[in-house]
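Position one of the sequence shown corresponds to residue 1 (full-length UniProt numbering), numbered consecutively onward.
Even glycine gets a Cβ: it sits at the ideal position worked out from N, Cα and C.
What follows is a single structure, written as structure tokens, with notes after it.
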Amino acid sequence: MAKHKVMQAKYHSIRGRAAWRKCKVGSRQMSSDDLNQSMETDEPVCKPLYVVRPVCLTPPPEQFETEDGASHILTRQLWMEIFSFLTPYQINVCMEVCKVWNEWCIDPQLWKTLSLARLSPLKPEALRGIVRRQPLSLNLTGTNISHKQLAWLLPRLPNLEELYLGRSSWSAVTALASSNCPLLQVLDLQWVSGVEDGILELLCSHLDEHRPGLVDDRSKLRDLKKLHLTGSDITDKGLSCLIPCMSSLSVLDISYCGGLTDAGLREMVNETSPIAKSLIELNVSGCRKLTDEFLPDLRHCPKLKKVVAHSCPLFTKDEWEAFSREFGVEICFTKPRGRPT
């Protein structure tokens, strides 16, 4: 009787039938009768790690009732126009008024841009709030988001277009190399510690997943239009990884990447490079190893409109001004103070 009571207590304390099958009482395995009896019960397999409120299947009401039971004169469409002028903080306050306003204020039209910059650490409540609002642009700069959190968040934001991960860790950035990552158009990795050639190669290479239903194994960053890599540790090898992957790239920020040389820039903007055909704006500020040798290769970029080249001691002002007059490209050029090192 005592052994039977112990077995029942262990069964009710373990979640899931699979774990319960492995439970032993002493050295004795559970009998087949007990196993068949357990399969007939309605015990849940496991509980989800994060609870996310599902999308409302029924349309929200068009009006809400006042205290006297009558419908308010303003309709939902007019209220949505009013809510569009409010700040995110004010919208969150309106969500606490009543259930109807809570449904109206959670509409993704009011949350196209969501910023949680410098909110650290990110708690599960904040992640659930992001999923409920379904933003198109998400700013997580300075939040120190972990790889596990970002890997959980990205599959639940299928419409995400812009992602800002400035001052995060390289381990969190590796979550982008997944088939569950949405097709981003803007990616900001400014001053992310540890972003080297291997990280870019991982992000730009084909997906190393073989799960059922995966048809397209190309990188999820293939539709990027803006990429910011300020302060990263990449070299010419990492820059070459972008060429076959990002054929739609129009804005590239590689400022303060001290490992880049003229050879890497010339390879990126040569005649056969797809990036050269779509590049509109280029920022090479603080790249102290660059010289004027790659300047003639910029003529292979027919759409180029602006080049930012601050704090580059080996650049010649006269050469850049002549290039600007000849091709009509805006040049933002200032030399650093002191002697070049």
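- I331 is a Cβ neighbour of V307, given a cutoff of 8 Å.
- Collapsing the DSSP output to three states places Y89 in a helix.
- L200 counts as buried, since at least 16 other C-beta atoms from the protein chains shown sit within 10 angstroms of its C-beta.
- A distance below 8 Å between beta-carbons, with the five flanking residues on each side excluded, links V195 to the following residues of its chain, in chain order: W170, V173, L189, L229, S232, D233, I234.
- If you draw a straight line from the Cα of R167 to the Cα of T113, it is about 19 Å long.
- The C-alpha of L176 is placed about 11 Å away from the C-alpha of L153.
- Under the rule that a run must span 3 or more residues, the beta strand (DSSP E) segments found entirely inside the segment 150-204 read 162-164, 186-188.
- A check of alpha carbon separations from T58 across E319, W104, N144 identifies W104 as the nearest.
- Taking C-beta atoms under 8 Å as the contact rule, S219 and H206 qualify, at a distance of about 7 Å.
- In the structure shown, the three-state DSSP call for V284 is coil.
- The straight-line gap separating the alpha-carbon atoms of D262 and S324 is approximately 19 Å.
- By the 16-neighbour rule on beta-carbons within 10 angstroms, P302 is exposed.
- In this structure, DSSP gives E293 a helical state, which the three-state scheme calls helix.
- Under the three-pair Cβ rule at 8 Å, the segment 121-128 does not count as touching the segment 77-86.
- Within the same chain, L154, L157, P158, N159, L160, E161, K220 come within 8 Å of P182 by CB-CB distance, once the 5 residues on both sides are set aside.
- For L114, the uninterrupted beta strand (DSSP E) segment begins and ends at 113-115.
- Listed in chain order, the non-local C-beta contacts of C245 below 7 Å within the same chain comprise C204, S219, L221, R222, local neighbours out to five positions each way being set aside.
- The C-alpha of M268 is placed about 7 Å away from the C-alpha of A276.
- With respect to the 8 Å criterion, G142 and S115 are not classified as neighbours on the basis of their beta carbons.
- With distances taken between CA atoms, G198 lies nearest to L242 out of L140, D217, L242.
- For K225, same chain residues with a beta-carbon under 8 Å away, outside a window of 5 residues either side, are Q185, V186, S248, L249, S250, V251 in chain order.
- Spatial neighbours of W320 in its own chain (CB-CB distance under 6 Å, excluding positions within 5 residues in sequence) are listed in chain order as I331, F333.
- When the Cα atoms are used, L74 and V131 turn out to be separated by approximately 29 Å.
- Taken in chain order, the complete alpha helix (DSSP H) segments of 4 residues or longer contained in the segment 124-153 are 124-133, 147-153.
- Counting of Cβ neighbours within 10 angstroms places A322 among the exposed residues, the total staying below 16.
- When P274, T291, Q77 are compared, the shortest CA-CA separation from L110 is found for Q77.
- Bridge partners of E330 according to DSSP: K306.
- Beta bridge pairing from DSSP links K226 with V186, V251.
- Cβ neighbours of L282 within its own chain (closer than 6 Å, five residues either side excluded): L252, V307.
- Excluding the 5 residues flanking it on each side, F315 has same chain C-beta neighbours closer than 8 Å at L290, T291, D292, A309, F333, K335, in chain order.
- Excluding the 5 residues flanking it on each side, P135 has same chain C-beta neighbours closer than 8 Å at P108, W111, K112, T113, L114, L157, L160, in chain order.
- The three-state secondary structure of S71, taken from DSSP, is strand.
- Counting only the Cα atoms, L163 lies some 6 Å from S137.
- Y256 sits away from S278, with the two beta carbons spaced by 8 Å or more.
- Of the candidates N102, K99, L304, L304 places its Cα closest to the Cα of G328.
- CA-CA distance, N270 to L260, rounds to 16 Å.
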